[in-house]
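Read the structure below first, then the notes.
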Amino acid sequence: MKLFTYKAETSALALAQAKQELGDECSIISQKKLSDGSYEISVAINEEDLKRVQENKKKEQREDAFVAKNNNIAERLELIAAKELEKRRAANAAASLPEDVSLQLSDAVRQISQIANLPTTMPPPPTTAYNKQETKPALDKKESPSKKEEKKSKTESGDLKAIRGEIDRLNDKLKLIQNMFWEERGPKREGLIIPHEFAEIFRIAKGSGMAKEHLDKIMQLTLELMPIKMRENSVLIKRYFREVLRKMVYCRTENLNSNGKNIMMFVGPTGVGKTTTLAKLAARYSRMLNKNYKVGIITLDTYRIGAVDQLMFYAKKMKLSIDTVVDTEEFVNALDSLKYCDYILIDTVGSSQHDRAKLESLKSFVNADANSKIDVNLVMSATTKYEDLKDIYHTFSTLGIDTLIFTKLDETHSFGNIFSLIYETKKSTSYFSIGQEVPNDLNIASSDFLVDCLLDGFIKG
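According to our numbering, the sequence shown is numbered sequentially starting from 240.
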């Protein structure tokens with residue numbers, strides 16, 4: 240491997256120098272801001288690629304001897320593309336679009352290319368009679384009308400495909416122009432410089448509510464691992480970034496094959512939807528799966544007005560057993576009376592993370608029966624900001640949290656807070672509640688679903 244260092248006013252200019260001299264085969268090793276305000280990047284390239292780049296440069300220099308002094312590589316490519324397009328037009332003998340539309344597209348692509356300093360395959364405006372008058376191709380008397388229509392259709396299809404390709408490339412160039420001044424406005428912190436190619440994905444992730452330290456870490460990983468060739472395509476950048484995020488989300492698969500008794504306790508702050516989530520899972524286990532499991536319900540929430548009535552309504556509708564308890568002795572007896580059940584679901588009183596007395600009371604129920612393993616599910620709302628989610632988690636962690644459940648995903652546009660909590664705690668998530676409807680608005684947690692919500696927004700199926 241060969242190492243090279245480039246210095247410029249911005250990291251983008253330094254990277255452009257590296258690509259100009261070494262091509263797209265080089266990889267960024269490091270980048271930093273110097274004391275004089277300029278930027279320095281170090282790139283590496285293996286010897287075979289370097290040799291190939293040097294040979295190509297020598298070849299280009301020999302070719303430049305036969306080209307006019309002011310004619311650069313981009314202009315020659317444009318000339319070749321223009322000649323090829325003119326040949327195709329002459330061979331087809333028919334225009335695929337009105338000439339003024341074609342000229343507008345060509346002129347738009349060329350102007351944007353000049354602004355962004357990028358090459359384009361669109362030809363310069365023709366100086367022929369196209370600008371003065373509309374000419375009609377002569378009719379071939381030997382061709383039947385059906386053959387002429389078929390030939391014209393094929394010609395239009397091919398040209399439209401070529402124009403569609405130009406429009407796709409035009410979209411990428413527009414994004415590049417939009418972010419031209421990103422280097423001056425973008426974040427510069429502790430040696431981490433976000434190139435303009437990543438401006439769009441950086442804004443999406445930052446606007447999602449993701450914690451700053453997590454976003455910095457992910458951007459650093461992406462910059463270090465992503466090949467340079469992929470950076471020129473916004474679709475590839477987003478796809479690569481999506482994969483990085485997906486691998487950082489921990490989800491627990493739904494275990495329905497266990498022969499043992501499953502006891503699930505739902506804890507969390509007031510108003511996050513613990514009771515509704517319990518009802519959804521009760522319906523899921525007892526009615527919606529291939530096997531109808533036996534489900535029992537225990538409620539410890541005797542404080543909130545209507546809480547018991549709400550659970551009674553669901554239990555009666557689904558024909559499930561329900562017990563109301565007020566102390567640990569009654570709780571142990573209720574567990575014993577429901578030992579025939581495959582799933583025992585326990586609803587608890589909502590508690591502020593600052594109410595230590597209620598948390599200690601919940602802890603006594605978790606540890607009440609030494610013979611029963613209780614799976615503690617911390618239920619939190621997706622509408623809660625990250626700092627508060629982290630505070631809630633650390634407070635309830637004294638109960639021995641086994642998994643996370645997030646509710647109200649349909650009530651927010653920002654999902655970076657959920658991602659950051661999962662990434663920070665390394666705690667797996669089991670379910671996402673996506674609405675109030677029982678039992679349908681409940682999804683088994685998956686990294687694909689959460690990352691799609693974070694980057695593309697929540698779309699209810």
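For glycine and all other residues, C-beta sits at the position ideal for the given N, C-alpha and C.
{"Item": "Taking C-alpha atoms, which residue in Thr646, Lys665, Leu660 lies nearest to Val677?", "Value": "Thr646"}
{"Item": "Following the continuous alpha helix (DSSP H) through Leu638, name the residue where it begins and the one where it ends.", "Value": "Looking at the DSSP string, Leu638 is not in any alpha helix (DSSP H), and its letter there is neither H nor E."}
{"Item": "So is Ala444 buried or exposed if we call it buried at 16+ other beta carbons inside 10 Å?", "Value": "buried"}
{"Item": "If you draw a straight line from the C-alpha of Ala255 to the C-alpha of Asp455, how long is it?", "Value": "23 Å"}
{"Item": "What is the DSSP secondary structure of Tyr245, reduced to helix, strand or coil?", "Value": "strand"}
{"Item": "Confirm, please, whether the CB-CB distance from Met551 to Ala522 is below 8 Å.", "Value": "no"}
{"Item": "Between Ile402, Glu568, Ala247, Phe480, which has its C-alpha nearest Val690's C-alpha?", "Value": "Phe480"}
{"Item": "What's the gap between the Cα of Met504 and the Cα of Glu463?", "Value": "43 Å"}
{"Item": "If you compare alpha carbons, which of Leu601, Asn616, Cys265 is closest to Arg491?", "Value": "Asn616"}
{"Item": "Please report the distance separating the alpha-carbon of Thr637 from that of His435.", "Value": "44 Å"}
{"Item": "Under a Cβ-count criterion, where at least 16 other Cβ atoms within 10 Å of its own Cβ denotes burial, should Val565 be classed as buried or exposed?", "Value": "exposed"}
{"Item": "What are the partner residues of Gly535, as DSSP defines its beta bridges?", "Value": "Ser560, Ile583"}
{"Item": "Quick check on the DSSP output: what are the complete alpha helix (DSSP H) runs of length 4 or more inside the segment 477 to 518, in order along the chain?", "Value": "none"}
{"Item": "Can you give the Cα-Cα distance for Met487 and Thr514, rounded to whole angstroms?", "Value": "29 Å"}
{"Item": "Cα separation between Phe604 and Arg478?", "Value": "46 Å"}
{"Item": "From Thr461 to Lys555, what does the alpha carbon distance come to, in whole angstroms?", "Value": "52 Å"}
{"Item": "To the nearest angstrom, how far is it from the Cα of Leu693 to the Cα of Thr622?", "Value": "13 Å"}
{"Item": "Considering only heavy atoms of the ligand FAD, does any lie closer than 7 Å to the CB of Lys530?", "Value": "The ligand content of the structure shown is nil, which means the ligand FAD is not present either."}
{"Item": "With Thr668 as the anchor, note down where its beta strand (DSSP E) starts and where it stops.", "Value": "668 to 672"}
{"Item": "State buried or exposed for Pro362, treating a residue as buried only when at least 16 other CB atoms are found within 10 Å of its CB.", "Value": "Residue confidence for Pro362 is low, a pLDDT of 48 falling below 50, so the modelled location carries little weight and cannot support an answer."}
{"Item": "Under the rule that 16 or more other beta-carbon atoms within 10 Å means buried, what is Pro508, buried or exposed?", "Value": "buried"}
{"Item": "Does DSSP put Glu676 in a helix, a strand or coil?", "Value": "coil"}
{"Item": "Going by beta-carbon coordinates alone, are Asp614 and Ile502 separated by less than 8 Å?", "Value": "yes"}
{"Item": "Classify Ser266 as helix, strand or coil using the three-state DSSP reduction.", "Value": "strand"}
{"Item": "Over what stretch of residues does the beta strand (DSSP E) that includes Asn682 continue unbroken?", "Value": "681 to 683"}
{"Item": "Hey, is the segment 445 to 454 in contact with the segment 651 to 670, meaning 3+ C-beta pairs nearer than 8 Å?", "Value": "yes"}
{"Item": "Taking the Cβ atom as the reference point for each residue, do Leu539 and Val588 lie within a distance shorter than 8 Å?", "Value": "yes"}
{"Item": "Which whole-angstrom value is the C-beta distance of Ile644 and Tyr625, which I expect to be below 8 Å?", "Value": "The Cβ separation is near 17 Å, so there is no contact."}
{"Item": "Spatial neighbours of Gln592 within its chain, please: CB distance less than 6 Å, with the 5 preceding and 5 following residues excluded, ordered by chain position.", "Value": "Asp630, Ile631, Thr634"}
{"Item": "Taking the continuous beta strand (DSSP E) assigned at Ile467, which residues delimit it?", "Value": "Element bounds for Ile467: n/a, residue is neither H nor E."}
{"Item": "Comparing C-alpha positions only, which one of Asp695, Lys519, Phe697, Lys258 sits nearest to Pro466?", "Value": "Lys258"}
{"Item": "With DSSP collapsed to three states, give me the class of Thr646.", "Value": "strand"}
{"Item": "Considering only residues of the same chain and omitting the five flanking positions on each side of Phe570, which have a CB-CB separation below 8 Å?", "Value": "Ile537, Leu539, Val564, Phe604, Ala607, Asp608"}
{"Item": "Which whole-angstrom value is the C-beta distance of Ser560 and Leu577, which I expect to be below 8 Å?", "Value": "6 Å"}
{"Item": "Going by C-alpha to C-alpha distance, which of Phe437, Phe697, Asn285, Lys500 sits closest to Lys612?", "Value": "Lys500"}
{"Item": "Compute the Euclidean distance between the alpha carbons of Gln293 and Glu299, then round it to the nearest angstrom.", "Value": "10 Å"}
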